[in-house]
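Report on one structure; see the data block that follows.
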Amino acid sequence: MAKKNKTILITIILLLMIGNVFFGFKYLTVQKELKLIQANLKKQEINQKILNFISLFIKKVLKAKGEVDFETRLKLENAVREIRDKEILEKWQNFTNSQTEEEAQENVKDLLEILVDKINYSQ
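If you read the sequence shown in this note's numbering, its first letter stands for residue 10, the second for the next number, and so on.
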């Protein structure tokens with residue numbers, strides 16, 4: 010009887026150990042998957058912020074019938090800063106600091122180009 014109890018106990022311990030290894034492996038697999046999903050979510054959030062900025066820029070600047078008012082410039086500035094990308098911010102500042110219309114046109118092309126590139130590269 011004692012030998013039978015010992016065998017059952019050893020079997021249970023082995024099954025528990027196998028279960029621990031299995032669930033440990035599953036845990037690591039799910040952790041990897043979670044990190045990948047979080048990274049993709051972050052990319053989607055950045056893409057959405059870029060698209061929101063582009064949409065606002067097109068509506069309020071490119072389609073403007075005159076000079077852009079202070080409130081709109083402030084919205085645009087906040088939207089571009091919310092993206093939190095050094096290169097985009099630099100292109101935005103180049104655009105806002107343009108001295109001539111020709112310079113502004115070149116800078117807006119550069120700004121739009123980098124915005125589109127950032128969306129393509131982060132997918």
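Virtual Cβ for every residue (Gly too), placed ideally from N, Cα, C. Model, not experiment: these values are computed from the prediction.
Margin query: With a threshold of 8 Å, are at least 3 pairs of Cβ atoms found where one atom belongs to the region 17–37 and the other to the region 96–103?
Written below: no
Checklist line | Pairwise C-alpha distance: Leu71 and Glu86 | finding: 15 Å
Next item on the list: Helix, strand or coil for Thr109, going by three-state DSSP, please let me know.
Entry: coil
Check: Would a C-beta distance cut-off of 8 Å place Lys74 and Ile97 closer than the cut-off?
Finding: no
Notebook entry, point to check: If you draw a straight line from the C-alpha of Leu25 to the C-alpha of Leu37, how long is it?
Noted result: 18 Å
Next item on the list: Take Thr81 and list the residues in its own chain whose beta-carbon comes closer than 7 Å to its own, dropping the five residues that flank it on each side.
Entry: Lys69
Note to self: With H, G and I counted as helix, E and B as strand and the rest as coil, what does DSSP make of Arg90?
What the structure shows: helix
Check: Taking just the CA atoms, how far does Leu124 sit from Glu21?
Finding: Just to set this straight, residue 21 is Ile in the shown sequence, not Glu. In a straight line, the C-alpha of Ile21 is about 60 Å away from that of Leu124.
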